[in-house]
Every structure is written in C-alpha cells, then in structure tokens.
Amino acid sequence: SFAELLDFDPGLAKILYNDPKGFLPAFDIAAQGAQSEVLRILRKGEALGNPDELRPAAVQKGFVHVRVNVCGSPLEFPESSPSIGKVRVKHRGILLTLKGTVIRSGGVKMIEGEREYQCRKCNHRFPCYPELEAGNRITLPASCPSMRSKGCQSASFQLIGDSITCHDYQEIKIQESVQLLDVGSIPRSMPVILMDDLVDLVKAGGK
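So that you can map any letter, position 95 of the sequence shown is 95 in full-length UniProt numbering, and since no number is skipped, the others follow by simple counting.
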C-alpha cells in the first residue's frame, strides 16, 4: 500500500507520486523478477524430490503489475483525490485517485504495446513504449540509448521482428457521484483506459 511505502521509504513514495509513469514499470519488472525467483525455488524443490502435493502446479503469469492501494494514505486527501469535474492540468503526470460510477463499458480489444528496436550501428537493443494519449504512437529516441562509455550517438534503428507485445485493452467512462455535487450541478464524466488484468473487471453501474 502507499501508506506502508510512505512509512518505509518517504523519498521513494514521493518519487512514485510525482512520476508514476516512470516508476511503476520498474515496480512491475521487480515483481516479474520476484515471480521468476519463486518459480525457480519451487522447481528446484521438485527436482530434489520434495513436491508439495497440496500446491497446484506453478504457472508463470504473463503480465505482472504492481497495483498501488491508496487506502489510509495521503492519496485520499482532496489534493490527490479530486472529483472528476475538478481534474485540471496541474494533476497531469501525478499518481491520482479518482472515484466515480461506471456509466459505459466498452468491449475488450487488443492493442499493440511495447516493442524492441536495435541500433543499426552498435546493435544495442532497447524497448520502446507507445503513448496511449497520442494515439498509441511510438516515439524513437533522438540517439542510441546505449550506456557504453564512448556512446554511440546513432539515430538509425530497426524494429526487431516478433518483438511487439500485445495487451488486452478496454475503454470505460466514469461519472462523478451526484450526491457529492451542489444542487443544480451537472455531473462530469471522464474516459478511462483499462489494460491487462484490469480488463472486464467492472460493468456499467459499478463503482
């Protein structure tokens, strides 16, 4: 939870709050690494002849994501949890909590996600992530992101075949609660994108 992270490492909690888009993927990678380590230990135990008959066969999950629980944390304060109608430019890019009622639930679709590119000069491989806000457009770096001491500086890259990862994708629309509005106010709504394990979890009328 965010409250526990705030107690354990206030600096990291502040960084996560200010740049969730940059740091949540790092949390996902750490969770994937932890999953791989647990599976390695389980398989090692089975190889040594110590299978746990009560445990179902361990399967590696394809998409692992760290979800932040904001209950009991400062993220429930009005500054970090505005009503839908009060979301402004100042809220862009921070870890925001929004509450509302689902008024529309679209169908589940497939969308292309991250993919790998290779530098034509030094053969360095690196991932690129599309920008959903820009129509899922990929923006390549201005120069090779290789961390080699001399630096490559090349701006010529090629897409690695079969490296595109596809995700489940769903669009919903949420509307602020009428009970929280002033008399005569019109409730505002906002589109929300759900991906991977969040897809198809909510239906129209849910909160």
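In this text, a Cβ means the ideal position worked out from N, Cα and C, and glycines have one as well.
Rounded to whole angstroms, what's the CA-CA distance from Ser36 to Gln60? Just pull it up for me.
7 Å
Considering only residues of the same chain and omitting the five flanking positions on each side of Pro145, which have a CB-CB separation below 6 Å?
Excluding positions up to five away in sequence, the list reads Phe126.
Presumed contact (8 Å Cβ cut-off) between Glu176 and Gly100, rounded CB distance:
5 Å
Buried or exposed (CB count within 10 angstroms, at least 16 for buried), Tyr129:
exposed
Answer yes if the stretch 61-77 comes into contact with the stretch 188-205, meaning at least three C-beta pairs across the two stretches below 8 Å, and no otherwise.
Yes: at least three Cβ pairs fall under 8 Å.
Under the three-state reduction of DSSP, which class applies to Pro145: helix, strand or coil?
coil
Mark Ala155 as exposed unless 16 or more other C-beta atoms lie within 10 angstroms of its C-beta, in which case mark it buried.
exposed
With DSSP run on the structure shown, which of helix, strand or coil describes Gln35?
helix
Under a three-way DSSP split, which group does Asp168 fall into?
Of the three classes helix, strand and coil, the one that applies to Asp168 here is strand, per DSSP.
Can you list the beta strand (DSSP E) stretches of 3 or more residues lying completely in the stretch 70-127, in chain order?
101-105, 109-112 and 115-119
Please state the DSSP three-state secondary structure of Lys14.
helix
DSSP three-state assignment for Leu54, whether helix, strand or coil:
Any reading at Leu54 must be qualified, since the residue scores a pLDDT of 45, below 50, and its modelled position is unreliable; the value itself is stated next. In the structure shown, Leu54 sits in coil (DSSP, three-state: anything other than H, G, I, E or B).
Three or more beta-carbon pairs under 8 Å between the stretch 109-123 and the stretch 157-167, yes or no?
yes
Host alpha helix (DSSP H) of Phe8 (start-end)
Phe2 to Phe8
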